[in-house]
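**Student:** Per the working numbering: the sequence shown = residues 304 to 446.
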Amino acid sequence: MDNTVNQDAKEIPSMMNAIMKGHCPECRKGAFFRYPLFKWTTGFLDSHKNCPHCGLKYEVEPGFFWGSMYINYAFNVATIAAVAIFVYVLIRPESIWAYIIPIISSVVVSVPPSTRFARMIWVHVFGPFKFDKNKYFSPAQRP
304 MDNTVNQDAK EIPSMMNAIM KGHCPECRKG AFFRYPLFKW TTGFLDSHKN
354 CPHCGLKYEV EPGFFWGSMY INYAFNVATI AAVAIFVYVL IRPESIWAYI
404 IPIISSVVVS VPPSTRFARM IWVHVFGPFK FDKNKYFSPA QRP
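This is the structure in structure tokens:
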């Protein structure tokens, strides 16, 4: 098997890779968010209006990103359930506060990454954008 084909195929990012890195859904190269995730002095959800690489307009209509709240809600429910089960299995507490404190603290800590991740899933999976490797990658980079 030719190794150059495998190396070239790795240069074209997958949808999951673009979601995890926070890249544009159309070119998968440009940054979606303005700032890194843990830059607390600025807004962790501030996104570019257009892709810095391909110029794609991210918000196709007003309120487009509201749908990502449903995905984020599912993440929070999963976090709450996982922490509650974890506390029950390890501690088996009698007090309700032994559940409430770890659940609230885990949800508060997971809000920034889960909100950004939910927004990226919404844009990549449910958005009207389509990735075209022929448009943004040279023939040498295509698998």
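Even glycine gets a Cβ: it sits at the ideal position worked out from N, Cα and C.
Could I get the ranges of all uninterrupted alpha helix (DSSP H) runs contained in the stretch 316–369, with 4 residues as the minimum, in chain order?
**Tutor:** With a minimum length of 4 residues, the continuous alpha helix (DSSP H) runs that stay inside the stretch 316–369 are 318–324.
**Student:** If you drop the 5 nearest sequence neighbours on each side, which residues of the same chain put their C-beta closer than 7 Å to that of residue 406?
**Tutor:** Stepping through the sequence shown from its first residue, residue 406 is reached at position 103. Closer than 7 Å at Cβ, skipping near neighbours: 383, 386 and 387.
**Student:** Return helix, strand or coil for residue 432, following the three-state DSSP convention.
**Tutor:** To locate residue 432, count along the sequence shown from 1; it is residue 129. Residue 432: coil per DSSP, three-state reduction.
**Student:** Reducing DSSP to helix, strand and coil, say where residue 394 ends up.
**Tutor:** For the purposes of this step, residue 394 is taken as residue 91 along the sequence shown, with counting starting at 1. Coil, per DSSP.
**Student:** Confirm, please, whether the CB-CB distance from residue 413 to residue 437 is below 9 Å.
**Tutor:** Sequence index remark: in the sequence shown, residue 437 carries index 134 (1-based). Sequence index remark: in the sequence shown, residue 413 carries index 110 (1-based). No, the Cβ-Cβ distance between residue 437 and residue 413 is not below 9 Å.
**Student:** Apply the 10 Å Cβ neighbour rule to residue 329 and answer buried if 16 or more other Cβ atoms are within range, or exposed otherwise.
**Tutor:** One-based indexing of the sequence shown puts residue 329 at position 26. When all chains shown are included, residue 329 counts as buried.
**Student:** For residue 309, which residues from the same chain have a beta carbon less than 8 Å from its beta carbon, with the 5 sequence-adjacent residues on both sides left out?
**Tutor:** On the sequence shown, position 6 is the one that residue 309 refers to. Below a pLDDT of 50, predicted positions are generally treated as unreliable, and residue 309, at 43, falls in that range; no measurement from the model is reported.
**Student:** CB residue 368 to CB residue 422, shorter than 9 Å?
**Tutor:** By 1-based counting over the sequence shown, the position of residue 368 is 65. By 1-based counting over the sequence shown, the position of residue 422 is 119. The answer is yes: Cβ separation under 9 Å.
**Student:** In whole angstroms, what is the alpha-carbon distance linking residue 426 and residue 404?
**Tutor:** Numbered from 1 along the sequence shown, position 123 holds the residue referred to as residue 426. Numbered from 1 along the sequence shown, position 101 holds the residue referred to as residue 404. Residue 426 and residue 404: Cα-Cα distance of roughly 33 Å.
**Student:** Could you give the distance in angstroms between the alpha-carbon of residue 440 and the alpha-carbon of residue 395?
**Tutor:** Here residue 440 refers to the residue found at position 137 of the sequence shown. Here residue 395 refers to the residue found at position 92 of the sequence shown. Approximately 55 Å, taken between the alpha carbons.
**Student:** Look at the alpha carbon of residue 322 and the alpha carbon of residue 316, and state the distance between them as a whole number of angstroms.
**Tutor:** The residue you call residue 322 lines up with position 19 of the sequence shown. The residue you call residue 316 lines up with position 13 of the sequence shown. Each residue's alpha carbon lies about 10 Å from the other.
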